[in-house]
Every structure is written in C-alpha cells, then in structure tokens.
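I have placed the structure first, in the form of structure tokens, so that the comments after it can refer back to it.
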Amino acid sequence: MNGLENNKVIFFIEKNALWLLFFFWAFMQAYLLFSSGINTGGESSRPIMEAANLFSGKGISVASNYMYFTEALLIFLAMKIHAGYGAVIAFQLILNFVALIYLYRFMIIFYSSRILAFAGCFLLIVCFPYQLYNASLYTESVFFSLSILYSCYLLKLKKLSLKSIVVLIIFLILLCISRPSGIFFLGATIIYLFFFVSKKLNPFIRIAVFVSLSFIALWLLNYLMGTGGSIDVILPFKEQMVICEVPTIHYTSDTGAIQNDNSIAGLANYIFHNFHQFGRLTLLKSKAFFGLLRPYYSSGHNAFLLFYFYPLYLFIILCIIKMKYRMPVAFIYFIILIIIFWLSVVFSCDEWHNRFFLTLVPFLILPALYLFKKHSKVFNKDGS
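Next comes the structure, spelled out in structure tokens:
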C-alpha cells in the first residue's frame, strides 16, 4: 500500500470514526450477549439479593453491601417496572457506549490525533474480558463506565471551580457505591490534584489539604474494612490466599499468631510480625495481578492476555523512558491508579478472573499509545 492509499485510509477512518467505533462496539456486544447470554450467576447474586430486599421493603442486608448499591438499584428499578434483567443490560450497554465516545473525545485532545484516539478505543472494544461484563449483572460494567467518565472529566479540567468540585464529588460517590474499589479513585484523585491543580497554592496549604484529604480517605477505608460482611482483610493472610477464596493452607489456631483485627492497624500489625510471609505472598500476588495468566484459562484466552497486555506494558515503559520529564501530568494519575489497585491486591488477594485488574484497561491504553504521539503536530483545542 503506497503513501497515497495510506492517506485515504487514514482520512476515511478520521471522517467515519464514530460510525466505525459503533459498528465494532455493536458487533462485540452482540457476539458476547448472544454467545453467553445474560450472566446472573456468581457475584451477580449479591446485587440481585439486595434488589429483592429493596423490593420487599427490607433494605440493604449489611452495611458493606452499600458499596454495591448502584447495580442493586438498577435491578430494583427493573423489578418495579416489570422490565426484567434485559432492561439493566440495556442501560449498561448505553452507559458503556457513552463512556467509549467520551473516552474517544478525550483521547483526541490527549494524543492530538484522531487516528490514535480511534486505535485506543478500538483496543478497548476488542478486549473481550473487559467487555464481557456488559452482559452480566456483576457490578463491573457500570463501574468501568463510571471510572472512564470520571477520569476523563477530571483530566480535562484546567482549574477547579465550585461546579467541577460538585461534579467530581458526585462521580466519586457513584463510584464508591458501585464497587468498594471506588475509593481507589479518591486516592488517585487526591495525589493528582496535589501535583497539578493545587500547584499554585502556598506549599503549606497544599500539604494541609493533602494531609486532610488523605486522612479522610484512610478513615473511610478503615470504616469500610470494619463494616463486616464479605470484607475480611486478615483472612487472605491467615490462609495465604493468592487468588481470593482459594486458600493454600487451612487455617487453624496453631497456624500462627495472626490476630483477627479487621482494620488498618490490624493489617499493619500482621505485616510487622509476619514480614517474611507477607513478602513471599506479595511476589506471588504481583505475578498473578500483572501476569494475568491463569492455569484454568484456555490456551486461547491466555494467548490473548499475553499478546494484548504485555505489549501495553512495554509501550508504557518505553514511553516513560522516552518522555522522562516531558510526560503529561495525567501520567501521574494513571501510574498512581495502577499502583493503588496493585497494592489493594498485595494487601488482600487477586480475583479469580482478573476483575480487579480489568478496571485499569483504559488507563493502560492511554499512556501506552502516548508513545506514538507526534509532538510536533499542532492541533486546535478540540483536537481537530
């Protein structure tokens, strides 16, 4: 294909990007929905149960399940209007596509390139483990979409205003009542704002704001850890879990002097007294989290994970080496978010099907493709 033909293809993609994205997105969603159907098993049972409790007037069963409230509310509303689970899936699909288009428009500005923006969104579409949750009553679909909408809104801000602060708070509340890991976005936001939005403030004010927000985040995390329900931060260490709910030893009272203190202090106490065990588990959990491959996946599934994510890791590393001090400040947000999710696994356990990791897919694509940005090209504010 010569240069002229290349230019024609690029022009065609740029001109019809939204229609092409819709076509590929619709094909992927239709394929996953018709091949697997609506998934109401596994973790779907939690929001379905809580929706049934709401429908019967009982309310949420345990405090920790308020962190899954969004999906339960959607199912409850579907029950109220007798629409069935299909209505919930339809809402998730609409929200997913809205988030995709919002991400595309953000990428145009971020990369100064419609082609790279199209490539980034196409990569997200073809990540079938990520898209699979749109046809499920798990909490992931809504959470993934909200995380994209929130992050793009945050990273597009040039300065904070009362309106933008209110929007950010609303988004963060929605994230925190969609999945427990919504609090991780609060942590990443605090650090990002400390380095970017507040950089013109007096250093003492910056430190005071950072410490105050960090204290609030830690207090909230400690509260969530102590709410009970399915949250037990010490159990994965008692039973030396790498994958959640898959113990490698059967814990007894003779296994070790690990106190059952479900708090940040209890976790710190465990690490201090069992540092060697903690270090070994950290390596195993890191391998499971970033390595992604599972012995119970098919060869094709593992091959997809290998050839999809490992090049993204390489591109991110090369981009950081190439850009050094010229990286956009958004990289701070991406890197901190990745580190926080990784640490959450280190201090607990990894999920059977990489669900914790999959939240990060768009935030791996964004810095990875930045390697290919042509910095000499000047674009207007809207990316045109």
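Counting in this note's numbering, the sequence shown runs from 3 upward without gaps.
Quick reminder that beta carbons are idealized off the backbone N, C-alpha and C, glycines included.
A quick note: this is a predicted structure, and the numbers were derived from the prediction, not measured.
Residue range of the unbroken alpha helix (DSSP H) whose run includes residue i
{"i": "residue 98", "result": "87 to 113"}
{"i": "residue 136", "result": "Segment: none, residue 136 is in no alpha helix (DSSP H) and carries neither H nor E."}
{"i": "residue 27", "result": "19 to 38"}
{"i": "residue 312", "result": "301 to 325"}
{"i": "residue 276", "result": "That residue, residue 276, is in no alpha helix (DSSP H); it is neither H nor E in DSSP."}
{"i": "residue 190", "result": "184 to 197"}
{"i": "residue 55", "result": "47 to 57"}
{"i": "residue 363", "result": "363 to 371"}
{"i": "residue 236", "result": "Run containing residue 236: none; DSSP gives neither H nor E here."}
{"i": "residue 294", "result": "Here residue 294 belongs to no alpha helix (DSSP H), and DSSP marks it neither H nor E."}
{"i": "residue 81", "result": "71 to 82"}
{"i": "residue 119", "result": "116 to 128"}
{"i": "residue 374", "result": "Element bounds for residue 374: n/a, residue is neither H nor E."}
{"i": "residue 357", "result": "357 to 360"}
Outcome for residue i when other beta-carbon atoms lying within 10 angstroms are tallied against a minimum of 16
{"i": "residue 305", "result": "exposed"}
{"i": "residue 64", "result": "exposed"}
{"i": "residue 32", "result": "exposed"}
{"i": "residue 311", "result": "buried"}
{"i": "residue 141", "result": "buried"}
{"i": "residue 73", "result": "buried"}
{"i": "residue 255", "result": "Its pLDDT being 43, under 50, residue 255 is placed unreliably by the model, and nothing is read from it."}
{"i": "residue 21", "result": "exposed"}
{"i": "residue 84", "result": "exposed"}
{"i": "residue 376", "result": "exposed"}
{"i": "residue 182", "result": "buried"}
{"i": "residue 18", "result": "exposed"}
{"i": "residue 320", "result": "exposed"}
{"i": "residue 88", "result": "exposed"}
{"i": "residue 259", "result": "No answer about residue 259 holds up, because its pLDDT of 48 lies below 50 and its placement is not dependable."}
{"i": "residue 190", "result": "buried"}
{"i": "residue 247", "result": "exposed"}
{"i": "residue 298", "result": "exposed"}
{"i": "residue 50", "result": "buried"}
{"i": "residue 323", "result": "exposed"}
{"i": "residue 277", "result": "exposed"}
Backbone CA spacing between residue i and residue j [nearest angstrom]
{"i": "residue 135", "j": "residue 237", "result": "27 Å"}
{"i": "residue 289", "j": "residue 15", "result": "38 Å"}
{"i": "residue 363", "j": "residue 169", "result": "24 Å"}
{"i": "residue 198", "j": "residue 302", "result": "42 Å"}
{"i": "residue 2", "j": "residue 340", "result": "Residue 2 lies beyond the stretch modelled for the chain, which goes from 3 to 386, so this question has no answer here."}
{"i": "residue 86", "j": "residue 92", "result": "11 Å"}
{"i": "residue 120", "j": "residue 149", "result": "19 Å"}
{"i": "residue 292", "j": "residue 58", "result": "42 Å"}
{"i": "residue 196", "j": "residue 12", "result": "39 Å"}
{"i": "residue 75", "j": "residue 108", "result": "29 Å"}
{"i": "residue 347", "j": "residue 161", "result": "33 Å"}
{"i": "residue 174", "j": "residue 167", "result": "10 Å"}
{"i": "residue 250", "j": "residue 244", "result": "8 Å"}
{"i": "residue 97", "j": "residue 56", "result": "23 Å"}
{"i": "residue 186", "j": "residue 143", "result": "17 Å"}
{"i": "residue 315", "j": "residue 366", "result": "8 Å"}
{"i": "residue 285", "j": "residue 354", "result": "17 Å"}
{"i": "residue 53", "j": "residue 47", "result": "10 Å"}
{"i": "residue 1", "j": "residue 138", "result": "Past the boundaries of the shown model lies residue 1; the chain is included only from 3 to 386, so the question cannot be answered."}
{"i": "residue 126", "j": "residue 369", "result": "13 Å"}
{"i": "residue 327", "j": "residue 334", "result": "12 Å"}
{"i": "residue 94", "j": "residue 38", "result": "16 Å"}
{"i": "residue 154", "j": "residue 360", "result": "17 Å"}
Residues sharing a beta bridge with residue i, DSSP
{"i": "residue 346", "result": "Note: residue 346 sits in no beta bridge, so no partner."}
{"i": "residue 340", "result": "Residue 340 pairs with nothing; no bridge assigned."}
{"i": "residue 41", "result": "138"}
{"i": "residue 245", "result": "352"}
C-beta neighbour in chain B for residue i, strict 8 Å
{"i": "residue 374", "result": "Chain labels in this structure do not include chain B; a single protein chain is all it has."}
So within the region 135 to 177, which uninterrupted alpha helix (DSSP H) runs reach at least 4 residues, ignoring any that extend past its ends? 142 to 158
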